[in-house]
Structures are given as C-alpha cells and as structure tokens.
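Residue numbers (the working numbering): 1 to 366.
Beta carbons are placed, not taken as given, at the ideal position from N, Cα and C, and that holds for glycine.
Since we're looking at a predicted model, the values are computed, not measured.
Everything below concerns the one structure shown next.
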C-alpha cells in the first residue's frame, strides 16, 4: 500500500471530508472511527506522517494535490531531522521553482536587496528589459484612473462597537481584559490576522492564532504587544514546533469576536469573509491595516524572471473572502488578478504600491 503526502490545503480538505463522511466532529472521534491511534491521525493531519492510501476515499482523491509518495514500509517521514512537515514544504517549494525562482519564502533580506538594487532604476529603463515601458505606463495610467474613480468612496467613517451584551467571566475580570470601543487601525490589523491564521473553536470560549515557528519574531515583537494594547492581555508565546502562536480561553474575547466583529466559529474555509465593520469604515488606513494583517499571515512574495520581477500573492480558501478582498484592492487602485483561491499582484508597480500603502508588520516581509 502506498503512503501519500498531501499539500497543506489538500490535507485540510481531506480531513474535513473524512469528518463529514464519518459524521464526527473531533480528531479523536475521527481516529476512533478510522481505527487508528489519535497521535497518528494528528500526524497525518499536520503532515508529520504520510497518509496510507487506504484511508483516502476514491471520491475525493482526484481533487487532492499529492506532493510525494512512499511505499508502505517506508514509515514516518524523515527529512533529515526536520520531520514530515518540512519535507512537505521542501517538495512543494521544488514544484514552485519549476515556474519561478523564489527569493526565499517571504525572504525579508531578498526584498530589501531587490528594493535597494532597483530603487535608482526607472521603470522604463533597465526594468524595461523585463516589461515593456508601454505596459508599465499603461499600468500606471490604469492605477491613476482607479484611484481617481474611487477617491470619494473613502470617507473615514468612525465605527463604534456595542459590547454591552458581552459577558466577562471571572477569568476575564481577573486578567483585567478590556474591549475596544471602536474600530482602530491596530484592531483592523488584528482582525486581518484572525482572518488569516486565527480560529474560534467549538470548544468553550477557545481562541488561537498560530503560524510557523519561523514567525516567532513576528509573534514576539508585534502580535503579543498588539494584544496587550488592544485587550490588556499579557499572553505567553506558544512554541510547539513546527508552530508557534497564542491561545486562550476567554468568554469576553470570544463573544466580542463572534457577536460584535462577526467572525465565524469553527471551520473558516468557505465561511470567512471581510467583516462588515471593515467595509463600513470606508477608511483607507483601516482597510490597509486589515489587508496587512491578512497578508502577514496568509501572503507571500516571490520573484520571477531572474528574481527581478516581484509578485505578491494571497492564498485563501474562501471564495467570498477572495471576492471581498479583490473589491477592496480595486478601491485602493490596485490591479489584482484572481486564480481560484489566489489573489496576485504582479510587477514592480504593484509591488511598490503595496509597500507604500499597505506594507508589513512581519519582519520576514520587511
């Protein structure tokens, strides 16, 4: 029997399908129905072990992306001492390099090098060897037209919050938890982070925000201070390689996110969208902050054509969210391209506009 390693999105799709098919809600219940160990099933889910082909239903197999396979006796994935998850990333990266040369996954160093190297070049000069000067000129003209068309849309509405219906638990009171009274740029960015990597669990009042362990600096230098400033929470950084992040059980924060902000509980795929408060603000700073939060958790930058042609990409498993983010980018004068679950901004004009108007709080992007 062959064992299979799926891409992260396909693993998520597979286990969501298995839960529905077997009518279970938790990973523990799924393990019991599959007749496998709980720890083993979790390792399948997170790519630390290859999934035996016998557990992959035929009706979904054709929809999944297989990034590697091994014979049954191969056992656990061992990419040196990195484990299966890093092996999955390695294989996935090699596939991407077939069509483009990636400047490191979200490499901060190479972004700085690119900007420094080309800051003195006119976009119709040396960069014209990559893109015709006519195309650059047309891109700039289109951006200017879109910005002019939508400049009256941005009116900077203040968005107050009514949190009177939110219940503070004993824990919340002991911690001195506070809730924002109105939408601010920092809160908008936190909402963007939640949309990207956050989760409100079906468990009682549980919230988590998690990313790759390589983003430890981002969580330590930006995320933790942001939660202190927004909610007066002193949180500890969770480190469980290959992930890091924050998690907590707070009734007030849970109800605030669910009932006031309008973020979904449980599975986000296909359900999450831009919260109405972000759109209602019609504030360019608020919207830029929200997009920055999404990008810092779900986005990447890579380079085509000898590493001189930048591309910004967001990958999101929600059609409604893709559509809403595209509309916001259009309002700001960007020219986004949509490919199923991806939003892409191509070329130096879009790259410079993103850096100047949205930017990043994540050290790996700076």
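Residue i - DSSP class collapsed to helix/strand/coil
| i | result |
| --- | --- |
| residue 164 | coil |
| residue 134 | helix |
| residue 278 | helix |
| residue 172 | helix |
| residue 215 | helix |
| residue 104 | Reliability of the predicted coordinates at residue 104 is poor, the pLDDT of 39 falling under 50, and the value obtained from them is presented with this limitation in mind. Note: residue 104 maps to coil in three-state DSSP. |
| residue 265 | strand |
| residue 232 | coil |
| residue 354 | helix |
| residue 150 | helix |
| residue 158 | coil |
| residue 65 | coil |
| residue 259 | helix |
| residue 57 | coil |
| residue 270 | coil |
| residue 360 | coil |
| residue 140 | helix |
| residue 24 | coil |
| residue 178 | coil |
Identity of the residues DSSP links to residue i by a beta bridge
| i | result |
| --- | --- |
| residue 70 | 3 |
| residue 337 | 344 |
| residue 248 | 207 |
| residue 51 | 4 |
| residue 243 | 212 and 240 |
| residue 302 | 311 |
Integer Cβ distance of residue i from residue j, believed to fall under 8 Å
| i | j | result |
| --- | --- | --- |
| residue 274 | residue 200 | Actually they do not touch by this definition, with Cβ atoms about 16 Å apart. |
| residue 349 | residue 140 | 6 Å |
| residue 333 | residue 146 | 4 Å |
| residue 256 | residue 179 | 5 Å |
| residue 189 | residue 292 | 6 Å |
| residue 163 | residue 260 | 6 Å |
| residue 5 | residue 50 | 5 Å |
| residue 267 | residue 11 | Actually they are not in contact, since the Cβ atoms of residue 267 and residue 11 sit about 14 Å apart, beyond 8 Å. |
| residue 298 | residue 316 | 6 Å |
| residue 142 | residue 312 | With 8 Å as the limit, residue 142 and residue 312 do not qualify as a contact, their Cβ atoms being about 17 Å apart. |
| residue 253 | residue 329 | Between residue 329 and residue 253 the Cβ distance is about 29 Å, and since that is not below 8 Å, they are no contact. |
| residue 249 | residue 358 | In fact, because the Cβ distance is near 33 Å, the residues do not count as touching under 8 Å. |
| residue 35 | residue 3 | About 17 Å separates the two Cβ atoms, so there is no contact after all. |
Residue i classed as buried or exposed, judged by whether at least 16 other C-beta atoms fall within 10 angstroms
| i | result |
| --- | --- |
| residue 172 | buried |
| residue 241 | exposed |
| residue 57 | exposed |
| residue 155 | exposed |
| residue 158 | exposed |
| residue 48 | buried |
| residue 152 | exposed |
| residue 73 | Low confidence applies here, because residue 73 scores a pLDDT of 49, under 50, leaving its location unreliable; read the following figure in that light. That one is exposed. |
| residue 191 | buried |
| residue 39 | exposed |
| residue 183 | buried |
| residue 331 | buried |
| residue 272 | buried |
| residue 217 | exposed |
| residue 245 | buried |
| residue 362 | buried |
| residue 31 | buried |
| residue 310 | buried |
Extent of the continuous beta strand (DSSP E) to which residue i belongs
| i | result |
| --- | --- |
| residue 309 | 309-315 |
| residue 198 | 198-200 |
Boundaries (first-last residue) of the alpha helix (DSSP H) holding residue i
| i | result |
| --- | --- |
| residue 284 | 284-298 |
| residue 183 | Element bounds for residue 183: n/a, residue is neither H nor E. |
| residue 42 | 38-45 |
| residue 34 | 27-34 |
| residue 319 | 319-331 |
Near the ligand SAM: residue i beta-carbon under 7 Å from a heavy atom
| i | result |
| --- | --- |
| residue 250 | Questions concerning the ligand SAM fall outside what the structure shown contains, since it holds no ligand whatsoever. |
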